[in-house]
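Notes follow once the structure below has been shown.
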Amino acid sequence: MDSLSLARLDDPLAAARDATAEMLTQRRRHFSLPQPFYNDERLFQLDIQEIFSKEWLFAGLTCELPSKGNFITLEIGDNPVVIVRGNNGEIHAFHNVCRHRGSRLCVKESGKVAKLVCPYHQWTYELDGRLLFAGTDMGADFDLSAYGLKPVHVRTAGGYIFISLAEQPPAIDELLETMENYLDLYDMDNVKVAVESSIVEQANWKLVIENNRECYHCNGAHPELLNSLQEFDDSEDPRATPAYKELVARKQGEWQAMGVPWELKRLGRRNRLTRTPLLDGTVSMTMDGKQACKKLMGRLPSPDLGVLRILHLPNSWNHFMGDHAVVFRVLPLGPQKTVVTTKWLVHKDAVEGVDYDPERMRRVWDATNDQDRRLAEENQRGINSSAYEPGPYSETFEFGVIDFVDWYSERMLENLGYASHLSLAEG
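Under the numbering used here, the residues of the sequence shown are numbered 1451 to 1877, in order.
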């Protein structure tokens, strides 16, 4: 028996891998995915192994690690990760697993430490992952250098922290360079998280992303959001009206004169950046369209900058205005369970109660998040039915969903080793 056959015998998901590849190569494009992609435990495990453990994920923000020893944690499936600011200001990421008997090192979501100390037996690690202390009972010949923390790939750009659990992550340099350019004026090292929320949605993570990638549902579901947000994604949106195109041209001229980046930037299907106008006369995603924070972010010259939208698949979308930003992170918890974390950012010198009211700032997206949660959960309940079968997407209203599902299908097939089967069935 060859080594590949032996490896497959050791893989409890071998049959699921083959079935997944078969479903993806046979699926009808511009249709939703077959039912198992939204509710099957084995396919969820493949999502963790082949998407969330191999792609670059948005993990957090550099402003959350302002000084040496500050850390944040997150979990990618069953893989706990800790991200920490090191002695010289560098940012490190590690598997949050002690090299002694595997206990988690950092059990809080965030904090500050002098060293990373395991709470079980007090093995102590430097902030760069080196094992410093394991007690005297390990023997005189115990080699500390052989038991450092296992690193996780980490890159930063524009105030964002990306991690990858892969041995060899995909290319990300173009995204990092673009993020640096588009977020330079926001001076992201000098912002702070004004308020944060996490909600658990009883729905598959792909349904959460699909819901975000279209505004087909907005008129019927998001009255608060549509107080300021234009339904159109950009001037190339096939639904865009002449009046909207005129507004876009006028605002782009203003932004160009101010030196503010606005061009639509597509980096494959995975990443997308574009600045689009809010409703004429509004400057922020608030109930009245007025500034939520009196102090503008970074070095921005005006509050009237529309909204810079940033998409990063598989787990983040973002809205940057002149006065504040709203950052979203999606992490799967189970086949039908997803946590969505929202962070509202302001200039670090903005004073709560003077420059901004957190409740006023978060009202629109608190309402929108809850509305989207209910939509995704009802979507999940319907998909679980024996009556479900893949349905057609609107190429006019749901082109963003089509792009996401195509990206997911391509990355899953490639990561499963079926790169030669990337031609998808037309339907």
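Just so it is clear, CB atoms sit at the ideal spot from N, CA and C, and this is done for glycine as well.
- request: Put Y1488 into one of helix, strand or coil per three-state DSSP.
  value: Looking up residue 1488 in the sequence shown gives position 38. Residue state, collapsed to three classes: helix.
- request: Determine the DSSP secondary structure at S1647, reduced to helix, strand or coil.
  value: Within the sequence shown, the letter at position 197 stands for residue 1647. Three-state DSSP puts S1647 in a strand.
- prompt: First and last residue of the alpha helix (DSSP H) that includes S1859?
  reply: Taking the first residue of the sequence shown as 1, we reach residue 1859 at position 409. Unbroken alpha helix (DSSP H) run through S1859: F1849 to L1866.
message: Which same chain residues end up closer than 7 Å to P1484 when comparing Cβ atoms and leaving out the 5 residues on each side of it in sequence?
response: Position 34 of the sequence shown, counted from the start, is the residue given in the question as residue 1484. Cβ neighbours of P1484 beyond the five flanking positions: M1473, R1477 and P1840.
query: Taking A1742 as the reference, which of R1759, P1727, W1815 and S1844 has the closest Cα?
result: Walking along the sequence shown from the start, residue 1742 turns up at place 292. When only C-alpha atoms are compared, the closest one is W1815.
- prompt: Thinking C-alpha only, which one of L1463, Q1652, L1675 and E1681 is nearest Y1666?
  reply: One-based indexing of the sequence shown puts residue 1666 at position 216. Ranking L1463, Q1652, L1675 and E1681 by Cα distance to Y1666 puts E1681 first.
message: Buried or exposed for A1464, going by 16 or more other Cβ atoms inside 10 Å?
response: For the purposes of this step, residue 1464 is identified with residue 14 of the sequence shown, where counting begins at 1. So A1464 ends up on the exposed side.
query: At which residue ranges does the region 1699-1727 contain complete beta strand (DSSP E) runs of 3 or more residues, listed in the order of the chain?
result: 1715-1717 and 1721-1726
message: Taking 7 Å as the limit between beta carbons, can you name the residues of its chain near D1490, skipping five residues before and five after?
response: Position 40 of the sequence shown, counting from 1, holds the residue named residue 1490. Taken in chain order, the residues that qualify are P1785.
Cβ-based neighbour list, L1874, same chain, cut-off 6 Å, excluding 5 preceding and 5 following: Counting from 1 along the sequence shown, the entry for residue 1874 is found at position 424. Its pLDDT being 48, under 50, L1874 is placed unreliably by the model, and the measurement read from it follows with that caveat. Correct list, in chain order: R1479.
- prompt: Mind checking whether the beta-carbon of Q1786 lies closer than 7 Å to any heavy atom of the ligand SAH?
  reply: Among the ligands in the structure shown, none appear at all, so the ligand SAH cannot be discussed.
query: Do V1851 and R1663 have their C-beta atoms within less than 8 Å of each other?
result: In the sequence shown, counting from the first residue as 1, residue 1851 sits at position 401. In the sequence shown, counting from the first residue as 1, residue 1663 sits at position 213. Contact: yes.
- prompt: If you drop the 5 nearest sequence neighbours on each side, which residues of the same chain put their C-beta closer than 7 Å to that of L1635?
  reply: As a working mapping, residue 1635 is identified with position 185 in the sequence shown. Around L1635: V1710, G1748, R1749 and L1750.
- request: Just tell me which of E1559, H1603, R1605 and L1555 has its CA closest to the CA of L1581.
  value: Within the sequence shown, the letter at position 131 stands for residue 1581. With distances taken between Cα atoms, L1581 lies closest to L1555.
field: Extent of the continuous beta strand (DSSP E) run through T1475
entry: On the sequence shown, position 25 is the one that residue 1475 refers to. It is not in any beta strand (DSSP E) - T1475 instead sits in the alpha helix (DSSP H) that spans A1464 to Q1476.
- request: With a cut-off of 8 Å on the beta carbons, I'd call K1443 and L1577 a contact; round off their distance for me.
  value: Given a span of 1451 to 1877 for the chain in the structure shown, any question on residue 1443 remains unanswerable.
message: Tell me the rounded alpha-carbon separation between N1694 and K1701.
response: In the sequence shown, the residue the question calls residue 1694 occupies position 244. In the sequence shown, the residue the question calls residue 1701 occupies position 251. A quick correction: the sequence has Tyr, not Asn, at residue 1694. In a straight line, the C-alpha of Y1694 is about 11 Å away from that of K1701.
- prompt: Does the region 1641-1656 come close enough to the region 1815-1825 that 3 or more CB-CB pairs lie under 8 Å?
  reply: yes
message: Let me check one thing: in DSSP terms, what residues is E1802 bridge-paired to?
response: For the purposes of this step, residue 1802 is taken as the residue at position 352 of the sequence shown. Y1806, per the DSSP bridge assignment.
field: Option in D1799, K1562, L1866 and V1780 with minimal Cα separation from T1792
entry: Reading the sequence shown from its first residue, position 342 is the one you call residue 1792. Cα-wise, what sits closest to T1792 is V1780.
query: Going by the beta-carbon positions, is the gap between S1513 and V1645 smaller than 8 Å?
result: Position 63 of the sequence shown, counted from the first residue, corresponds to residue 1513. Position 195 of the sequence shown, counted from the first residue, corresponds to residue 1645. Checking the displayed sequence, the identity of residue 1513 turns out to be Cys instead of Ser. Contact: no.
- prompt: Can L1866 and T1470 be called in contact, C-beta distance under 8 Å?
  reply: Position 416 of the sequence shown, counted from the first residue, corresponds to residue 1866. Position 20 of the sequence shown, counted from the first residue, corresponds to residue 1470. Yes.
message: If you measure between the beta carbons of V1602 and A1690, is that distance less than 8 Å?
response: Locating residue 1602 in the sequence shown gives position 152, counting from the first residue. Locating residue 1690 in the sequence shown gives position 240, counting from the first residue. It is not a contact, given that the beta carbons lie outside the stated cut-off.
message: Which complete beta strand (DSSP E) runs does the region 1760-1835 hold, if anything under 3 residues is left out?
response: 1766-1770, 1775-1784 and 1787-1797
- prompt: Which whole runs of the beta strand (DSSP E) in the region 1517-1586 are 3 residues long or more, in chain order?
  reply: 1520-1526, 1529-1535, 1541-1545, 1560-1562 and 1581-1583
query: Does DSSP put C1513 in a helix, a strand or coil?
result: In the sequence shown, residue 1513 corresponds to position 63, counting from 1. DSSP places C1513 in helix when its eight states are reduced to three.
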